[in-house]
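**Q** Chains as they are written, first to last, in the working numbering: chain A, 39 to 312; chain B, 39 to 312; chain C, 39 to 312; chain D, 39 to 312.
All C-beta atoms, glycine included, are put in the ideal place defined by N, C-alpha and C.
If you're wondering where the values come from, they're calculated on a predicted model, not measured in any experiment.
Below are the structure tokens for one structure; questions will follow.
4 protein chains.
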Amino acid sequence: VRIGGQAVVLIAGPCTVEGLAMLEETGRAARAAGAVMLRGGAFKPRSSPYSFQGLGSQGLAYLARVRAQAGLPVVTEVMAPEQVELVMRYADMLQIGARNMQNYSLLREVGRTRRPVLLKRGMSASIDEWLEAAEYLLAQGNTQVVLCERGIRTFETATRFTLDLSAIPVLRQRTHLPVIVDPSHASGQRHLVGPLALAAVAVGADGIIVETHPQPTSALCDGAQSLDLDQLAGLRDAMARVAGAVGRTMHDPVSAESLPALLGPQISEGGGCQ
Amino acid sequence: VRIGGQAVVLIAGPCTVEGLAMLEETGRAARAAGAVMLRGGAFKPRSSPYSFQGLGSQGLAYLARVRAQAGLPVVTEVMAPEQVELVMRYADMLQIGARNMQNYSLLREVGRTRRPVLLKRGMSASIDEWLEAAEYLLAQGNTQVVLCERGIRTFETATRFTLDLSAIPVLRQRTHLPVIVDPSHASGQRHLVGPLALAAVAVGADGIIVETHPQPTSALCDGAQSLDLDQLAGLRDAMARVAGAVGRTMHDPVSAESLPALLGPQISEGGGCQ
Amino acid sequence: VRIGGQAVVLIAGPCTVEGLAMLEETGRAARAAGAVMLRGGAFKPRSSPYSFQGLGSQGLAYLARVRAQAGLPVVTEVMAPEQVELVMRYADMLQIGARNMQNYSLLREVGRTRRPVLLKRGMSASIDEWLEAAEYLLAQGNTQVVLCERGIRTFETATRFTLDLSAIPVLRQRTHLPVIVDPSHASGQRHLVGPLALAAVAVGADGIIVETHPQPTSALCDGAQSLDLDQLAGLRDAMARVAGAVGRTMHDPVSAESLPALLGPQISEGGGCQ
Amino acid sequence: VRIGGQAVVLIAGPCTVEGLAMLEETGRAARAAGAVMLRGGAFKPRSSPYSFQGLGSQGLAYLARVRAQAGLPVVTEVMAPEQVELVMRYADMLQIGARNMQNYSLLREVGRTRRPVLLKRGMSASIDEWLEAAEYLLAQGNTQVVLCERGIRTFETATRFTLDLSAIPVLRQRTHLPVIVDPSHASGQRHLVGPLALAAVAVGADGIIVETHPQPTSALCDGAQSLDLDQLAGLRDAMARVAGAVGRTMHDPVSAESLPALLGPQISEGGGCQ
């Protein structure tokens with residue numbers, strides 16, 4: 039999978055890995071809908087310590103299994119330097135979340151790997167601070183950095199955050215790094231995800247990352263902003279039309295055989311998967 | 039001209055009416071590019087009392103002349119209740135600027151007319167406050183209200199304002215009023231206007247209002263964010279492609295003959311025009 | 039009353055003039071508590087056209103009566119250029135509200151008077167824009183301008199606005215104009231008003247304007263942020279202690295006899311008062 | 039040192055530990071001025087990887103030496119879970135910086151210690167999110183948490199951040215945790231620090247943490263917002279007057295002998311100190 043070329047990528051998956059069955063169903067549907075990567079949180083940053091914190095290494099194992107089944111490379115969040123080695127065993131791309139955009143020890147540790155990184159914008163980070171955070175990764179020699187706009191904090195309460203689509207053409211002038219957009223976290227509402235995803239393609243984003251869930255209303259986390267699997271298929275078609283209108287195409291899924299082996303599934307850590 | 043139907047409108051013109059020649063040139067080019075309305079400020083709200091404040095009634099007369107020549111209905115800002123009668127003699131649509139979104143005596147006065155209104159969002163107005171401001175117009179019986187998103191104030195300084203494109207699908211659920219987008223004032227930079235206009239069409243806006251100028255670098259006001267006349271033509275084509283991708287068309291210009299007579303040109307006020 | 043000298047002023051009164059009896063009671067108590075001016079809205083800017091809009095000229099007449107009874111000069115909001123002449127008949131000081139900070143025709147009209155002006159900061163106005171708005175008044179020759187910080191719009195929802203007390207020492211370096219603080223509108227909550235008023239005195243403000251009401255829980259508007267009359271008396275004492283700690287004093291009330299005659303009470307307009 | 043009682047604390051020191059001599063001079067002056075704790079950064083979170091990142095463990099050793107000389111307990115930032123053990127050897131209080139307020143692995147690790155913690159507010163964190171971050175510490179059993187307001191991000195550019203003093207009385211209703219204020223980082227300008235510190239005492243803060251430097255103009259970091267040593271002494275006196283006006287006192291420095299032994303100075307790590 040190449041992010042940043044002529045083809046626009048669609049990355050989809052649940053907010054949180056809740057179990058193997060729901061992840062398998064989501065993976066199959068995402069693949070069928072034309073998604074090229076699977077997202078899903080095993081370690082979840084939650085504002086409150088009393089909220090569900092994710093399945094941890096077991097969630098990673100589930101991701102790795104569905105990765106192999108569906109032929110979808112995996113992107114998942116790593117929250118602390120000491121988790122980097124573990125997450126690398128299971129994931130093709132390491133996500134650094136908005137709250138950790140200026141967690142410099144994490145940036146340095148991830149920068150020392152050669153694994154692609156998805157660097158989300160902090161919710162009150164200026165575009166320049168975001169690029170400086172990327173510089174922490176690049177300075178360690180990791181050049182496979184993808185930026186992800188996911189909304190900034192403003193006074194407006196009709197949406198969870200205000201998606202800053204102006205950032206995409208601004209970044210085009212300031213960096214060669216690819217940029218994707220997360221309309222799910224930005225808006226917090228399912229009915230806004232589609233229109234914002236199309237706007238992101240029109241404004242020049244290199245891809246979209248959306249939350250999807252087999253039964254959004256019963257999701258453990260972020261159900262209100264998750265597309266159901268039918269909506270995901272419809273979104274991909276609409277994205278293709280807008281991509282065509284701006285001279286781009288949609289990235290096709292890769293074959294399961296072409297995915298490189300990861301270390302994860304061979305080890306017993308996380309258990310549930312072997 | 040119908041705003042809010044299946045067809046997307048392009049409204050273009052200079053920030054400020056600087057003189058007759060430049061306005062005629064702009065009007066011809068805008069018409070040729072497929073714009074369906076002419077914008078241009080005669081009365082200009084400026085942060086400083088020492089900045090150029092516009093040509094006033096003379097500017098209105100110039101607008102009315104180019105309106106007739108080019109067959110472009112005119113939208114221009116009215117800044118105070120006592121200007122309403124004057125501006126109505128020259129303009130097809132009255133614009134209420136962002137700074138005046140909560141100028142209630144102005145809203146009431148414009149509400150008492152039956153002239154279409156373009157109500158810009160205040161730079162820190164929530165979507166709900168914006169709709170309440172529209173209610174001041176509607177409550178007086180003026181039902182031809184078009185909303186215009188033009189960016190909100192945030193911490194980000196890379197753009198003049200942060201264009202809140204999420205507002206468009208949010209408004210779709212809360213009101214039947216049409217919504218257009220002003221990417222020029224929002225971004226403050228020419229190279230951002232095109233991508234944001236396309237994003238606005240993709241997200242579902244009913245039209246775009248952009249600043250254009252024959253020689254942007256010598257404009258009296260907002261030159262940095264004005265498209266030149268070639269860029270305007272290119273923008274219209276790109277908008278048409280994106281409109282098609284989301285199942286819409288572009289609104290065609292109307293014929294000069296179909297424009298209703300206004301009172302303006304008959305009177306001598308504003309002088310320079312007769 | 040002198041605002042901007044060594045002595046700190048306390049201005050108090052109801053959000054809205056609801057009737058004569060409540061205003062008389064408030065006036066007496068405010069005077070007894072050491073307030074030196076009476077505030078109260080006759081014309082009210084309300085987000086919704088369906089909210090109570092104030093008593094209008096009758097409210098002005100009530101203010102003028104209590105002004106004479108209690109010996110408290112009156113400050114009240116003027117919302118439109120055409121109201122300026124009327125409000126000047128009743129009020130010692132004209133208030134320009136936050137929503138009208140960039141209503142330039144209003145600024146010019148008020149600037150042409152020689153009546154003191156209270157210019158509130160717009161809810162998203164930068165300090166520089168605020169000073170430029172003041173310049174509209176000064177440029178017309180009205181030099182008696184007092185600035186009023188009343189909170190800016192941010193992402194924080196625990197308070198109605200975020201009171202920007204840093205603005206006071208910033209303004210000290212940029213202008214000679216006096217600055218007062220409105221902790222009632224900024225916070226929106228009664229229990230925050232006292233602490234913020236003391237902080238405003240400590241940071242160097244020239245005065246405080248607070249909302250007070252005989253029965254806050256039954257106020258027509260802003261009851262949740264209004265002090266009751268006992269709390270007002272306590273606040274004045276606390277302010278005096280903090281003023282002393284920073285080398286200032288509290289301004290004493292003036293005598294009723296020293297107030298200049300206004301035109302208002304002589305005319306029948308507003309009715310209820312004669 | 040007790041934070042949160044009737045007495046207000048003054049914490050002072052350089053932004054960054056630049057060397058032993060400057061730190062000794064600052065420590066002596068801070069002690070003489072009545073500061074009760076020494077602040078200073080050994081590990082510095084910097085937006086750019088190419089900025090000075092602090093002296094690291096050598097800086098910690100310097101802090102421990104001046105701690106013993108001047109009788110000033112030390113508070114310094116810890117940026118990553120793996121630094122916690124090291125910093126605990128040298129510091130009496132662990133600071134979690136604004137950028138790390140939602141670094142949950144760091145919060146958990148610090149929560150597992152029984153060392154007092156200074157938890158700075160994230161620059162776009164709501165008050166509720168800040169309290170939830172504190173809950174990560176409390177849930178691990180560390181109950182000695184002090185909150186520190188340091189300004190939030192808004193559109194206003196006259197100050198680095200907007201100090202949210204309303205947060206102090208809001209927190210008083212929502213938590214028993216003590217709250218101090220950092221006017222240096224909030225304002226970014228020396229001349230604003232004093233007025234804001236007094237406002238913080240007036241509004242009810244339990245203390246102030248300020249940056250001070252022997253020669254602010256030659257500081258490696260944040261010189262523009264650092265007080266010189268004379269200004270620090272003047273600030274303490276002014277704070278005492280305001281504290282008296284609101285019924286509080288200033289906390290006296292403790293004796294050097296009363297400080298508990300820390301492990302730091304005994305080890306050779308960091309070198310320069312033995």
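#1: Are Leu156/B and Gln133/B closer than 7 Å when you measure CB to CB?
#2: Roughly how far, in whole angstroms, is the beta-carbon of Ser225/B from the beta-carbon of Gln263/B, given that I think they are within contact range, below 8 Å?
#3: Any C-beta of chain B sitting closer than 7 Å to the C-beta of Arg191/D?
#4: What are the boundary residues of the alpha helix (DSSP H) that includes Leu110/C?
#5: Rounded to whole angstroms, what is the Cα-Cα separation between Val217/D and Ala136/C?
#6: Run the CB neighbour count on Ala350/A, radius 10 Å, all protein chains shown included, and call it buried at 16 or more, exposed below.
#7: Quick one: grab the DSSP three-state call for Ile165/B.
#8: Measuring alpha carbon to alpha carbon, tell me which of Thr255/A, Met117/A, Ser164/A, Glu123/A ends up nearest Asn141/A.
#9: Output, in sequence order along the chain, the residues in the stretch 156 to 184 of chain C whose CB is closer than 7 Å to any CB in chain B.
#10: Mind checking if Ser143/B is an interface residue toward chain C, Cβ cutoff 7 Å exclusive?
#11: Which residues mark the beginning and the end of the beta strand (DSSP E) in which Leu48/C is found?
#12: Could you tell me which chain C residues have their CB closer than 7 Å to the CB of Ala118/B, listed as they occur along the chain?
#13: Run the CB neighbour count on Glu115/A, radius 10 Å, all protein chains shown included, and call it buried at 16 or more, exposed below.
#14: Per DSSP, Thr200/D forms a beta bridge with which residues?
#15: According to DSSP, simplified to helix, strand and coil, what is Val217/C?
#16: Gln211/C versus chain D: which residues are under 8 Å apart at the beta carbon?
#17: For Thr195/C, which three-state DSSP category applies?
#18: Take the Cβ of Thr195/C as the centre, count every other Cβ of all protein chains shown within 10 Å, and call the residue buried at 16 or more, exposed below.
#19: Closer than 8 Å between beta carbons: that is the criterion. Which residues of the stretch 85 to 118 of chain D meet it against chain A?
#20: Give the residues of chain A in contact with Pro83/D, contact being defined as C-beta atoms less than 7 Å apart.
#21: Within 10 Å of its beta-carbon, does Gln227/D have 16 or more other beta-carbons around it, so buried, or fewer, so exposed?
#22: Roughly how many angstroms separate the alpha carbons of Leu93/C and Glu56/C, rounded to a whole number?
#23: Taking Leu132/B as part of the beta strand (DSSP E), name the residues at either end of that continuous run.
#24: Considering only residues of the same chain and omitting the five flanking positions on each side of Met277/A, which have a CB-CB separation below 8 Å?
#25: From the DSSP output, read off the bridge partner residues of Ile41/A.
#26: If you measure between the beta carbons of Leu145/A and Tyr100/A, is that distance less than 7 Å?
#27: Quick check: what's the CA-CA separation for Leu215/D versus Cys53/B?
#28: Nearest to Gly261/C by CA position, among Asp268/C, Arg127/C, His251/C, is which residue?
#29: Taking the alpha carbon of Leu176/D as the reference point, which residue from Val241/D, Arg153/D, Gly51/D has its own alpha carbon closest?
#30: In chain B, which residues lie with their C-beta within 7 Å of the C-beta of Arg152/C?
#31: Could you tell me the boundaries of the alpha helix (DSSP H) in which Leu58/C lies?
#32: I need the DSSP call for Thr255/D, collapsed to helix, strand or coil.
#33: For a quick check, are the C-beta atoms of Val113/A and Val292/A less than 7 Å apart?
#34: Helix, strand or coil: which one does DSSP assign to Val104/A?
#35: Does Val125/A get closer than 7 Å to chain B when you measure Cβ to Cβ?
**A** Result, derived from the coordinates:
#1: Along the second sequence, read from residue 1 onward, the residue named residue 156/B stands at position 118. Along the second sequence, read from residue 1 onward, the residue named residue 133/B stands at position 95. Cβ atoms of Leu156/B and Gln133/B: closer than 7 Å.
#2: Position 187 of the second sequence, counted from the start, is the residue given in the question as residue 225/B. Position 225 of the second sequence, counted from the start, is the residue given in the question as residue 263/B. Rounded, the Cβ-Cβ distance is 6 Å, consistent with contact.
#3: Position 153 of the fourth sequence, counting from 1, holds the residue named residue 191/D. Yes - at least one Cβ of chain B is within 7 Å of the one on Arg191/D.
#4: Position 72 of the third sequence, counted from the start, is the residue given in the question as residue 110/C. From DSSP, Leu110/C is part of no alpha helix (DSSP H); its letter is neither H nor E.
#5: Working through the fourth sequence from its first residue, we reach residue 217/D at position 179. Working through the third sequence from its first residue, we reach residue 136/C at position 98. Their backbone Cα atoms lie some 31 Å apart in a straight line.
#6: Examination of residue 350/A is not possible in this model, given that chain A is present from 39 through 312 alone.
#7: As a first step, residue 165/B is located in the second sequence; it is residue number 127 there, counting from the start. Note: Ile165/B maps to helix in three-state DSSP.
#8: Position 103 of the first sequence, counted from the first residue, corresponds to residue 141/A. Selected option, being the one with the closest Cα: Met117/A.
#9: Met161, Ser162, Glu167, Glu170, Glu173, Tyr174, Ala177
#10: Here the question's residue 143/B lines up with position 105 in the second sequence. Yes, because at least one Cβ of chain C sits closer than 7 Å to the Cβ of Ser143/B.
#11: Position 10 of the third sequence, counting from 1, holds the residue named residue 48/C. Residues 45 to 51.
#12: For the purposes of this step, residue 118/B is taken as residue 80 along the second sequence, with counting starting at 1. Those are Pro119, Ser143, listed as they occur along chain C.
#13: As a first step, residue 115/A must be located in the first sequence, where it is residue number 77. Looking at its Cβ environment, which holds 16 or more other Cβ atoms inside 10 Å, Glu115/A is buried.
#14: Locating residue 200/D in the fourth sequence gives position 162, where the first residue counts as 1. Ile190/D.
#15: As a first step, residue 217/C is located in the third sequence; it is residue number 179 there, counting from the start. Val217/C: strand per DSSP, three-state reduction.
#16: Start at 1 with the first residue of the third sequence, and residue 211/C comes out as number 173. Within 8 Å Cβ-Cβ: His229.
#17: Against the third sequence, residue 195/C aligns to sequence position 157. DSSP places Thr195/C in coil when its eight states are reduced to three.
#18: Walking along the third sequence from the start, residue 195/C turns up at place 157. So Thr195/C counts as exposed.
#19: Ser85, Ser86, Pro87, Tyr88, Met117, Ala118
#20: For the purposes of this step, residue 83/D is identified with residue 45 of the fourth sequence, where counting begins at 1. Result: Gln140, Tyr142.
#21: By one-based count along the fourth sequence, residue 227/D stands at place 189. It is buried - the Cβ of Gln227/D has at least 16 other Cβ atoms within 10 Å.
#22: For the purposes of this step, residue 93/C is taken as residue 55 along the third sequence, with counting starting at 1. For the purposes of this step, residue 56/C is taken as residue 18 along the third sequence, with counting starting at 1. Cα-Cα distance, rounded: 7 Å.
#23: As a position in the second sequence, residue 132/B is number 94, starting the count at 1. It spans 131 to 134 - the beta strand (DSSP E) in which Leu132/B sits, taken as one unbroken run.
#24: Here residue 277/A is taken as the residue at index 239 of the first sequence, counted from 1. Excluding residues within five positions, the ones whose Cβ falls inside 8 Å are Val46, Leu48, Ala235, Leu236, Val239, Ile246, Met288.
#25: Residue 41/A sits at position 3 when you count from the first residue of the first sequence. Answer is none; Ile41/A lacks a bridge partner.
#26: Taking the first sequence and counting its residues from 1, the one referred to as residue 145/A is at position 107. Taking the first sequence and counting its residues from 1, the one referred to as residue 100/A is at position 62. No, Cβ-Cβ distance for Leu145/A and Tyr100/A is not below 7 Å.
#27: Start at 1 with the first residue of the fourth sequence, and residue 215/D comes out as number 177. Start at 1 with the first residue of the second sequence, and residue 53/B comes out as number 15. Approximately 53 Å between the Cα atoms of the pair.
#28: The residue you call residue 261/C lines up with position 223 of the third sequence. Residue His251/C is the option with its Cα nearest to Gly261/C.
#29: Reading the fourth sequence from its first residue, position 138 is the one you call residue 176/D. Nearest of Val241/D, Arg153/D, Gly51/D to Leu176/D, Cα basis: Arg153/D.
#30: Taking the third sequence and counting its residues from 1, the one referred to as residue 152/C is at position 114. The premise fails here: Arg152/C is roughly 18 Å from chain B at the closest Cβ pair, so nothing lies under 7 Å.
#31: The residue given as residue 58/C occupies position 20 in the third sequence. Segment 58 to 71, the alpha helix (DSSP H) holding Leu58/C.
#32: In the fourth sequence, counting from the first residue as 1, residue 255/D sits at position 217. Here Thr255/D sits in helix by DSSP.
#33: Position 75 of the first sequence, counted from the start, is the residue given in the question as residue 113/A. Position 254 of the first sequence, counted from the start, is the residue given in the question as residue 292/A. No, they are not a contact pair.
#34: Your numbering for residue 104/A matches position 66 in the first sequence. In the structure shown, Val104/A sits in a helix (DSSP, three-state: H, G or I).
#35: Translated into the one-based positions of the first sequence, residue 125/A becomes position 87. Cβ-Cβ to chain B under 7 Å: no for Val125/A.
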